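Residue numbers (my numbering): -8 to 131.
Glycine residues also receive a C-beta, built at the ideal position from the N, C-alpha and C atoms.
This one's a predicted model, so the numbers in the text were calculated from it and none came from an experiment.
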């Protein structure tokens, strides 16, 4: 059986490392599912999702010249709601319109930020000016 890019296969997990899972594809062929290709969601520990001996569906994404086979499980998953909202936004919808109220709120928030920032900078300058120089006070 020849393995080709884009082919969907059922594989058996043979080993798990921090960076991914090795799987047996049959016919003495094996491949790697990198940790970033396991799920659409964040994967902190592969052991939470996979275990040795588990059967998984994979998609062949790349076959290197040296025979290494790169696989993906996440490309076979349904996209999560969060990713579909950002990717499949209809073109006729525009960005939300900013009303005059939101502009005034922004200006008020900006004024508060600037006053707070100035107060912090003044305090910082006051505390560091006396510490410059080192022994013996000011140098010319």
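(message) DSSP three-state label for residue 24, please.
(response) strand
(message) Give me the residue from 115, 62, 36 with the minimum Cα distance to residue -4.
(response) 62
(message) Report the CB separation of residue 132 from residue 49 in whole angstroms; it is logged as a contact under 8 Å.
(response) With the chain running from -8 to 131 in the structure shown, residue 132 is simply not present.
(message) Quick check on DSSP: helix, strand or coil for residue -7?
(response) coil
(message) Between 65, 113, 17, 43, which has its C-alpha nearest residue 33's C-alpha?
(response) 65
(message) Going by C-alpha to C-alpha distance, which of 101, 24, 1, 18 sits closest to residue 60?
(response) 24
(request) Report buried or exposed for residue 132, applying the criterion of at least 16 other Cβ atoms within 10 angstroms of its Cβ. (result) In the structure as shown, the chain begins at -8 and stops at 131. Residue 132 is therefore absent and cannot be evaluated.
(message) Are the CB atoms of residue 37 and residue 2 within a distance shorter than 7 Å?
(response) no
(request) Taking only heavy atoms of the ligand MG into account, decide whether any of them is closer than 6 Å to the Cβ of residue 53. (result) Absence of the ligand MG from the depicted structure is noted, as is the absence of any ligand whatsoever, leaving it without description.
(message) If distances are taken between C-alpha atoms only, which option among 10, 112, 21, 97 comes closest to residue 58?
(response) 21
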